[in-house]
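Undergrad: Mind looking over this structure? Questions follow.
There are 2 protein chains.
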Amino acid sequence: MGCLDDGHFAVEIENGVSIGHDGVLLGNEGGGVIEDAVKILLDGLGEDVNREGLRKTPLRVAKALREGTRGYRQKVKDIVQGALFPEAGLENRVGYAGGTGGLVIVRDLDLFSYCESCLLPFQVKCHVGYVPSGERVVGLSKLSRVTDVFAKRLQEPQRLADEVCSALHQGIKPAGVATILQCTHIHFPDIESVFLDSNHQGWVKVLVSSGSGVFENKTADVWDDFFSLLKFRGIDMDKIHFREPSDQCWCPSQSGKVSSKIGPVSPVMITAVASIIKSLGEDPLREELIGTPSRFVKWLMNFQNSNFDMKLNGFLCGGSVNEEVNFNNKKISSELNIPFWSQCEHHLLPFHGVTHIGYLMSDGFNPIGKPLLQSIVHFYGFKLQVQERLTRQIAETLSPLLGGDVIVVVEASHTCMISRGIEKFGSSTATIAVLGRFSTDPIARASFLQSIPSPTLSGQQ
Amino acid sequence: MGCLDDGHFAVEIENGVSIGHDGVLLGNEGGGVIEDAVKILLDGLGEDVNREGLRKTPLRVAKALREGTRGYRQKVKDIVQGALFPEAGLENRVGYAGGTGGLVIVRDLDLFSYCESCLLPFQVKCHVGYVPSGERVVGLSKLSRVTDVFAKRLQEPQRLADEVCSALHQGIKPAGVATILQCTHIHFPDIESVFLDSNHQGWVKVLVSSGSGVFENKTADVWDDFFSLLKFRGIDMDKIHFREPSDQCWCPSQSGKVSSKIGPVSPVMITAVASIIKSLGEDPLREELIGTPSRFVKWLMNFQNSNFDMKLNGFLCGGSVNEEVNFNNKKISSELNIPFWSQCEHHLLPFHGVTHIGYLMSDGFNPIGKPLLQSIVHFYGFKLQVQERLTRQIAETLSPLLGGDVIVVVEASHTCMISRGIEKFGSSTATIAVLGRFSTDPIARASFLQSIPSPTLSGQQ
Numbered sequence: 009m010g011c012l013d014d015g016h017f018a019v020e021i022e023n024g025v026s027i028g029h030d031g032v033l034l035g036n037e038g039g040g041v042i043e044d045a046v047k048i049l050l051d052g053l054g055e056d057v058n059r060e061g062l063r064k065t066p067l068r069v070a071k072a073l074r075e076g077t078r079g080y081r082q083k084v085k086d087i088v089q090g091a092l093f094p095e096a097g098l099e100n101r102v103g104y105a106g107g108t109g110g111l112v113i114v115r116d117l118d119l120f121s122y123c124e125s126c127l128l129p130f131q132v133k134c135h136v137g138y139v140p141s142g143e144r145v146v147g148l149s150k151l152s153r154v155t156d157v158f159a160k161r162l163q164e165p166q167r168l169a170d171e172v173c174s175a176l177h178q179g180i181k182p183a184g185v186a187t188i189l190q191c192t193h194i195h196f197p198d199i200e201s202v203f204l205d206s207n208h209q210g211w212v213k214v215l216v217s218s219g220s221g222v223f224e225n226k227t228a229d230v231w232d233d234f235f236s237l238l239k240f241r242g243i244d245m246d247k248i249h250f251r252e253p254s255d256q257c258w259c260p261s262q263s264g265k266v267s268s269k270i271g272p273v274s275p276v277m278i279t280a281v282a283s284i285i286k287s288l289g290e291d292p293l294r295e296e297l298i299g300t301p302s303r304f305v306k307w308l309m310n311f312q313n314s315n316f317d318m319k320l321n322g323f324l325c326g327g328s329v330n331e332e333v334n335f336n337n338k339k340i341s342s343e344l345n346i347p348f349w350s351q352c353e354h355h356l357l358p359f360h361g362v363t364h365i366g367y368l369m370s371d372g373f374n375p376i377g378k379p380l381l382q383s384i385v386h387f388y389g390f391k392l393q394v395q396e397r398l399t400r401q402i403a404e405t406l407s408p409l410l411g412g413d414v415i416v417v418v419e420a421s422h423t424c425m426i427s428r429g430i431e432k433f434g435s436s437t438a439t440i441a442v443l444g445r446f447s448t449d450p451i452a453r454a455s456f457l458q459s460i461p462s463p464t465l466s467g468q469q
Numbered sequence: 009m010g011c012l013d014d015g016h017f018a019v020e021i022e023n024g025v026s027i028g029h030d031g032v033l034l035g036n037e038g039g040g041v042i043e044d045a046v047k048i049l050l051d052g053l054g055e056d057v058n059r060e061g062l063r064k065t066p067l068r069v070a071k072a073l074r075e076g077t078r079g080y081r082q083k084v085k086d087i088v089q090g091a092l093f094p095e096a097g098l099e100n101r102v103g104y105a106g107g108t109g110g111l112v113i114v115r116d117l118d119l120f121s122y123c124e125s126c127l128l129p130f131q132v133k134c135h136v137g138y139v140p141s142g143e144r145v146v147g148l149s150k151l152s153r154v155t156d157v158f159a160k161r162l163q164e165p166q167r168l169a170d171e172v173c174s175a176l177h178q179g180i181k182p183a184g185v186a187t188i189l190q191c192t193h194i195h196f197p198d199i200e201s202v203f204l205d206s207n208h209q210g211w212v213k214v215l216v217s218s219g220s221g222v223f224e225n226k227t228a229d230v231w232d233d234f235f236s237l238l239k240f241r242g243i244d245m246d247k248i249h250f251r252e253p254s255d256q257c258w259c260p261s262q263s264g265k266v267s268s269k270i271g272p273v274s275p276v277m278i279t280a281v282a283s284i285i286k287s288l289g290e291d292p293l294r295e296e297l298i299g300t301p302s303r304f305v306k307w308l309m310n311f312q313n314s315n316f317d318m319k320l321n322g323f324l325c326g327g328s329v330n331e332e333v334n335f336n337n338k339k340i341s342s343e344l345n346i347p348f349w350s351q352c353e354h355h356l357l358p359f360h361g362v363t364h365i366g367y368l369m370s371d372g373f374n375p376i377g378k379p380l381l382q383s384i385v386h387f388y389g390f391k392l393q394v395q396e397r398l399t400r401q402i403a404e405t406l407s408p409l410l411g412g413d414v415i416v417v418v419e420a421s422h423t424c425m426i427s428r429g430i431e432k433f434g435s436s437t438a439t440i441a442v443l444g445r446f447s448t449d450p451i452a453r454a455s456f457l458q459s460i461p462s463p464t465l466s467g468q469q
């Protein structure tokens, strides 16, 4: 496996529909291995692999992974060749332009890649440019396409930048190539630390660059031109610290903190993840990948099927209410923007965002506090979930504690909406559950909904 | 042709690489017809269809059009079936949630579609939601996928909203479906009016909605919930005028103004465009499509190969300089944000943006005015182009008029970067040409580049 000779795109299509020319290959080779491995992982999480929501999850995960790592089966040569166009330079004057020396930049390409340290997708905003040489330019979309070939592999930001740079240099043979990547990696708290660290930052961000030819020297003037062209698009390089080669690995899974609640990691699950990596065409013994199966399993175990009491323990106390809206003789109390982290049971991919909770109470009565609300949200978040069920479960659990009139809104970004061939980067999902008076009284609903401010999802690019 | 039974995605890949399972079909049936038609159009524009940049344009256009209208060959049933999941509702309480009655919304889906009035792509920001019923929810990504099936056809905003709404209603069988589309259509001036209307708005925008079931009544309370969920994502529906059925067709090509310079439209070209529409599986005699070939050709003729004198006529006068930056004993004069419109010769798709021009002059000397700069930009814009060449040609033309020290920056959004399977919605391209002192003096370059403010491309979503 590994490299096929053709450059076909395998677009994710779920539910048994074929995924393009190499669909057969997927079904017979890589796909089967991944599906079996995913069944082992689900079993290790204490899940019933035959329940309705999970039954096709192994198939869906296999297809998503094959699609997300299609770069292993693509060749830059096929993309760039035939998209090189002769373009006259400036022959009779002193200067650079056209096919000779005039900088060409494509900015703000949204991509995603897979972190080789933990197997989670990470987002990439890519800026790529080159200085033409030999009166030859490349079709602009090819800068995006070539970047995507290397993004769709197990990656690390600096290597991704270097590989794109080097591939474009070889393909276009320009005076130089420059790449700047703004990478954003999801940073889940584990189920233990989430209760201790209320200011947990949901993202890790790094900025990396790579340059060839005239860009090889990081202090070359041509880099100033490049930065200027980014700057007046609102990207201020002066304010950003570029990552140094000596900096620690960026992946949060490398920080080493593991919840003591998780216990020893199952060797069977680790072997299953290693078999997935191998079936993608990678070498699980490559230095950077050796610890990956173990890190992935440790992370996954945050979402194991577990019981309620363990987590609510110690949090059953009252507290102050953040927001109040007068509503007839009662007040709408609300707790807005409670962060949550969860794992989509259809694709084994993270989704995360905020929960807004409202409830109707007689004047002054306030039975529970923010910590309890938070722990209920976290309890239902840290498992294999779908957003609709998460919303309902939070509402149903709160209802007896809060007098029955409850509204819950969950807003989330789903990793499965940016990976898997969907690639809807800016999209977000909202779900509502309404109980008691909120289900019958549109004015009560509207009063609560209007009290929600307009933030962007925290840390979102 | 028309509807195939499978739902395969045909992803655009250029330069002779196959495009998926129906690649053969493309080559033998639809593709050949479109390629022949595109050759006729290029010929009608006075172009040499064998010159290097255009040689593969017919093939590229055929593939892009087939990819951009793949919705004709997809079935919603294949996408939704098997992605319906049982999800318990709230059985023992008064309320709505989970699989029963709790609103589910996906916001900010970026798509593009093709305008049936003029065949140009238009951008769509889609918000779609439904109220589950029967304890059944649909995979979130399917809302995006089904929308895309109808977007990838020749469309009109209201029909697109209605078709998506109706297809999701049939597929999910929910209590109701709601769609809101923010559509943005490029609005080119023609080569005549661009000189007269310096405030030309580059976009036409409309907002449409459609609702089924509980959303059928536009004043239903559930619409308020829907709007609230959009509002706190920064989308303020109160400020937006929804399009009424009685409103005029939104497509700017329907306004009827045609440059007198273009002359009678070639029947051969019109027949060629009609054959393209037919080969996509559409009926060129459908009422809304009857005038489309003629409108497309009229628009295309703005980009015919033409001579210089005609356009510069009347504009060779001096004028004031907008910006000045002191630079040693000379001054860098600059004219920033001159809009331009052009047509990508590789894909016959529009690109547009702004040009920044800087030149070095002795104190007080100012040979030409903004009108001349604008007409030179427009002259090189209104033809089949590539951005690199456009930048160089503007610089070369200005050099003898401005004393030889010239810098030109072109910033553009390329329609070919959002359609054709690339779909990089936020991306933009920048090119530089430098002549004389600007090519040798990095401080001069930096002084000019730093003087460019940070606008977003005008009118951009």
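Residue numbers (the numbering used here), protein chains in the order written: chain A, 9 to 469; chain B, 9 to 469.
Quick reminder that beta carbons are idealized off the backbone N, C-alpha and C, glycines included.
Examine chain B for any beta-carbon lying closer than 8 Å to the beta-carbon of D317/A, and answer yes or no.
TA: Position 309 of the first sequence holds residue 317/A. With a pLDDT of only 46 at D317/A, under 50, the local geometry of the prediction cannot be trusted, and the value read off the model is given with reservation. No, no contact with chain B.
Undergrad: Any idea what DSSP makes of T227/B, helix, strand or coil?
TA: Along the second sequence, one-based indexing puts residue 227/B at 219. The answer is coil: DSSP assigns T227/B none of H, G, I, E or B.
Undergrad: If we define contact as Cβ-Cβ less than 8 Å, is V102/A a contact residue for chain B?
TA: Sequence index remark: in the first sequence, residue 102/A carries index 94 (1-based). Yes, V102/A counts as interfacial toward chain B.
Undergrad: If you follow the beta strand (DSSP E) that T77/B is in, where does it begin and where does it stop?
TA: Taking the second sequence and counting its residues from 1, the one referred to as residue 77/B is at position 69. Per DSSP, T77/B belongs to no beta strand (DSSP E) and is neither H nor E.
Undergrad: With a threshold of 16 other CB atoms inside 10 Å of the CB of T227/A, please say whether the residue is buried or exposed.
TA: Numbered from 1 along the first sequence, position 219 holds the residue referred to as residue 227/A. By the C-beta density criterion, T227/A is exposed, having fewer than 16 other C-beta atoms within 10 angstroms.
Undergrad: In chain order, what residues of the same chain lie with their CB nearer than 8 Å to the CB of R63/B, ignoring the 5 residues before and after it?
TA: Sequence index remark: in the second sequence, residue 63/B carries index 55 (1-based). Here the set comprises V57.
Undergrad: Rounding to the nearest angstrom, what Cα-Cα distance links G377/A and V385/A in this structure?
TA: What you label residue 377/A is simply residue 369 of the first sequence in a count that begins at 1. What you label residue 385/A is simply residue 377 of the first sequence in a count that begins at 1. Straight-line Cα distance between these residues: approximately 13 Å.
Undergrad: Rounded to whole angstroms, what's the CA-CA distance from S2/B to R241/A? Just pull it up for me.
TA: With chain B covering only 9 through 469, there is no way to say anything about residue 2/B.
Undergrad: Taking only three categories from DSSP, how would you classify H355/B?
TA: What you label residue 355/B is simply residue 347 of the second sequence in a count that begins at 1. Assigned with DSSP and collapsed to three states, H355/B falls in coil, not helix or strand.
Undergrad: Against chain A, with Cβ distances strictly below 8 Å, would T437/B count as a contact?
TA: Stepping through the second sequence from its first residue, residue 437/B is reached at position 429. Closer than 8 Å: yes.
Undergrad: Tell me, please, whether the CB atom of S125/A is closer than 8 Å to any CB atom in chain B?
TA: As a first step, residue 125/A must be located in the first sequence, where it is residue number 117. Chain B, which has no Cβ nearer than 8 Å to the Cβ of S125/A, makes this no.
Undergrad: Comparing the C-beta of S152/A with each C-beta of chain B, is any distance below 8 Å?
TA: Numbered from 1 along the first sequence, position 144 holds the residue referred to as residue 152/A. With 8 Å as the cut-off, S152/A counts as an interface residue toward chain B.
Undergrad: Whose Cβ in chain A lies nearer than 9 Å to the Cβ of M425/B?
TA: Within the second sequence, the letter at position 417 stands for residue 425/B. Simply V114, L117, L148, S149, S152.
Undergrad: For the region 444–453 of chain B and the region 154–166 of chain A, state whether three or more C-beta atom pairs, one from each stretch, are separated by less than 8 Å.
TA: no
Undergrad: For N207/B, name the three-state secondary structure that DSSP assigns.
TA: The residue labelled residue 207/B in the question sits at position 199 within the second sequence. Looking at N207/B - three-state DSSP - the assignment turns out to be coil, as it is neither helix nor strand.
Undergrad: Find out if the Cβ-Cβ distance for the pair G434/B, D156/A is shorter than 8 Å.
TA: Indexing the second sequence from 1 puts residue 434/B at position 426. Indexing the first sequence from 1 puts residue 156/A at position 148. In this structure, D156/A does not lie closer than 8 Å to G434/B by Cβ.
Undergrad: Just how far apart, CA to CA, sit V46/B and K85/A?
TA: Residue numbering aside, residue 46/B sits at position 38 when the second sequence is read from its first letter. Residue numbering aside, residue 85/A sits at position 77 when the first sequence is read from its first letter. Those two C-alpha atoms are separated by around 27 Å.
Undergrad: In this structure, does DSSP put F196/B in helix, strand or coil?
TA: In the second sequence, counting from the first residue as 1, residue 196/B sits at position 188. It is coil, neither helix nor strand.
Undergrad: Hey, could you find the ends of the alpha helix (DSSP H) S421/A is sitting in?
TA: What you label residue 421/A is simply residue 413 of the first sequence in a count that begins at 1. Here S421/A belongs to no alpha helix (DSSP H); instead the beta strand (DSSP E) covers 414–422.
Undergrad: Would V214/B count as contacting chain A if we go by Cβ distances under 8 Å?
TA: The residue labelled residue 214/B in the question sits at position 206 within the second sequence. False, the Cβ-Cβ gap to chain A never drops below 8 Å.
Undergrad: Do the CB positions of Q401/B and V418/B come within less than 8 Å of each other?
TA: Sequence index remark: in the second sequence, residue 401/B carries index 393 (1-based). Sequence index remark: in the second sequence, residue 418/B carries index 410 (1-based). Contact: no.
Undergrad: What does E343/A pair with, by DSSP beta-bridge criteria?
TA: As a working note, residue 343/A is residue 335 in the first sequence. Bridge partners of E343/A according to DSSP: I365/A.
Undergrad: In whole angstroms, what is the alpha-carbon distance linking P379/B and T279/B?
TA: Within the second sequence, the letter at position 371 stands for residue 379/B. Within the second sequence, the letter at position 271 stands for residue 279/B. If you take the alpha carbons of P379/B and T279/B, they lie about 38 Å apart.
Undergrad: For a cutoff of 8 Å on Cβ pairs, would you count D255/B as touching chain A?
TA: As a position in the second sequence, residue 255/B is number 247, starting the count at 1. Chain A, which has no Cβ nearer than 8 Å to the Cβ of D255/B, makes this no.
Undergrad: Contact check, C126/A vs S263/A under 8 Å by CB: the rounded distance?
TA: Here the question's residue 126/A lines up with position 118 in the first sequence. Here the question's residue 263/A lines up with position 255 in the first sequence. Not confirmed; about 11 Å, so no contact.
Undergrad: Report the partner residues of F348/A according to the DSSP bridge assignment.
TA: The residue you call residue 348/A lines up with position 340 of the first sequence. G361/A, per the DSSP bridge assignment.
Undergrad: Within 8 Å (strictly less), CB to CB, does L237/B reach chain A?
TA: Indexing the second sequence from 1 puts residue 237/B at position 229. Yes, L237/B counts as interfacial toward chain A.
Undergrad: Give the straight-line distance between the Cα atoms of F158/B and D118/B, rounded to the nearest whole angstrom.
TA: Indexing the second sequence from 1 puts residue 158/B at position 150. Indexing the second sequence from 1 puts residue 118/B at position 110. When rounded, the distance between both Cα atoms is 14 Å.
Undergrad: Which residues share a DSSP beta bridge with Y104/A?
TA: Within the first sequence, residue 104/A is the residue found at index 96, counting from 1. Looking at the DSSP assignment, Y104/A forms a beta bridge with V442/B.
Undergrad: Mapping DSSP to helix, strand and coil, what is S435/B?
TA: Walking along the second sequence from the start, residue 435/B turns up at place 427. Coil.
Undergrad: Round the Cβ separation of Q190/B and L151/B to the nearest angstrom and send it over; I've been treating them as touching at under 8 Å.
TA: Mapped onto the second sequence, residue 190/B falls at position 182. Mapped onto the second sequence, residue 151/B falls at position 143. Not quite, the Cβ-Cβ distance comes to about 16 Å (not below 8 Å), so this is no contact.
Undergrad: Are the region 136–154 of chain A and the region 171–186 of chain A touching, with three or more C-beta to C-beta distances below 8 Å?
TA: yes
Undergrad: When the Cα of V416/B is compared with those of E124/B, G366/B, S383/B, which residue comes out closest?
TA: Residue mapping note: residue 416/B aligns to position 408 of the second sequence, counting from 1. That would be G366/B, whose Cα lies nearest to the Cα of V416/B.
Undergrad: Can you confirm whether Q393/B, when its beta carbon is compared against all beta carbons of chain A, has any partner nearer than 8 Å?
TA: Counted from its first residue, the second sequence places residue 393/B at position 385. Answer no: the Cβ-Cβ gap between Q393/B and chain A never drops below 8 Å.
Undergrad: For D51/B, tell me which candidate among A72/B, P66/B, M369/B has the shortest Cα-Cα distance.
TA: For the purposes of this step, residue 51/B is identified with residue 43 of the second sequence, where counting begins at 1. If we check each option's Cα against that of D51/B, P66/B comes out closest.
Undergrad: Starting from D233/A, find everything on chain B with Cβ-Cβ shorter than 7 Å and list it in chain order.
TA: Your numbering for residue 233/A matches position 225 in the first sequence. Here the neighbours are I440, R453, L457.
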